[in-house]
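Q: Please read through the structure below; I'll follow up with questions.
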Amino acid sequence: MHGKGRRSFPFDSGGAIPEDEVKPLIGKLIREYLGENGLHPERILLFGSRARGDSSKGSDWDILVIVRERLSIQEKRRISRELRRAFAGKLIPVDILIKTAEELPSYESLPGSITREALHRGVPL
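The opening residue of the sequence shown carries number 1 in full-length UniProt numbering; numbering runs sequentially from there.
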């Protein structure tokens, strides 16, 4: 631990990173990955227990990524899978949802939707 109340996460380099530094790192790495693949993120939101501040030691990082481009379900799954693998290599457990900007209106009125929760309660990264 680094200081009172700061959780750290080990990285493959053998070091550790404080939790408050993981948030910007997640946003940065996702933006870099998307840019390298010709995609443009409109928003990257952290949601769930990490965003609410009630996470436990084993909590993952729930992320909603909204891109401008149209993507098939297969493309979204591939992107999510590749990002999860990249973060797993850094020992950061993430769950990543990929949505397109044009899909958002349908989730806004869908009670109980994880995407709706992320849109309303998510924290920008």
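We treat Cβ as the ideally placed atom computed from N, Cα and C, and that holds for glycine.
Since the structure is predicted, the reported quantities are computational estimates derived from the model, not experimental observations.
(1) Can you check whether the CB of Leu125 is closer than 7 Å to the CB of Ile26?
(2) My assumption, with CB atoms under 8 Å, is that Asp62 sits in contact with Arg78. Please give the rounded CB distance.
(3) Along the chain, where does the beta strand (DSSP E) that runs through Ile66 open and close?
(4) Output the residue ranges of the beta strand (DSSP E) runs that lie fully inside the UniProt domain "Polymerase beta nucleotidyltransferase" (30–98) and measure 3 residues or longer, sorted by chain position.
(5) Quick one: is Ala88 buried, meaning 16 or more other Cβ sit within 10 Å of its Cβ, or exposed?
(6) Taking the straight line between their C-alpha atoms, what separation do you get for Arg43 and Asn37?
(7) Provide the residue span of the alpha helix (DSSP H) that contains Glu117, from first to last.
(8) By how many angstroms is the C-alpha of Lys90 removed from the C-alpha of residue 144?
(9) Taking contact to mean at least 3 C-beta pairs separated by less than 8 Å, is the region 104–121 in contact with the region 72–86?
(10) Assuming Val67 contacts Leu39 (C-beta within less than 8 Å), just tell me the rounded distance between them.
(11) According to the Cβ coordinates, are Leu45 and Ala101 closer than 7 Å?
(12) Can you pull the DSSP bridge partners for Pro124?
A: Taking the coordinates as given:
(1) Residue 26 sits at position 26 when you count from the first residue of the sequence shown. Residue 125 sits at position 125 when you count from the first residue of the sequence shown. Here Ile26 is near Leu125, since their CB atoms are less than 7 Å apart.
(2) If you number the sequence shown from 1, residue 62 lands on position 62. If you number the sequence shown from 1, residue 78 lands on position 78. Not really, about 19 Å apart at Cβ, beyond 8 Å.
(3) Position 66 of the sequence shown, counted from the start, is the residue given in the question as residue 66. Here the beta strand (DSSP E) through Ile66 covers Trp61 to Val67.
(4) Whole beta strand (DSSP E) segments, 3+ residues: 41–47 and 61–67.
(5) Counting from one through the sequence shown, the residue named residue 88 turns up at place 88. Here Ala88 is exposed. Its C-beta has fewer than 16 other C-beta atoms within 10 Å.
(6) Within the sequence shown, numbered from 1, the residue matching residue 43 stands at position 43. Within the sequence shown, numbered from 1, the residue matching residue 37 stands at position 37. Each residue's CA atom was taken as its position, placing Arg43 and Asn37 some 16 Å apart.
(7) Residue numbering aside, residue 117 sits at position 117 when the sequence shown is read from its first letter. Looking at the DSSP string, the run of the alpha helix (DSSP H) that includes Glu117 is Ile114 to Arg121.
(8) The question about residue 144 has no answer here: the residues shown for the chain are numbered 1 through 125.
(9) No, because fewer than three Cβ pairs between the region 104–121 and the region 72–86 fall closer than 8 Å, the two stretches do not touch.
(10) By 1-based counting over the sequence shown, the position of residue 67 is 67. By 1-based counting over the sequence shown, the position of residue 39 is 39. Yes, they are in contact, since the Cβ atoms of Val67 and Leu39 sit about 5 Å apart, within 8 Å.
(11) To locate residue 45, count along the sequence shown from 1; it is residue 45. To locate residue 101, count along the sequence shown from 1; it is residue 101. Cβ atoms of Leu45 and Ala101: not closer than 7 Å.
(12) Numbered from its first residue, the sequence shown carries residue 124 at position 124. Beta-bridge annotation (DSSP): Pro124 is paired with Leu45.
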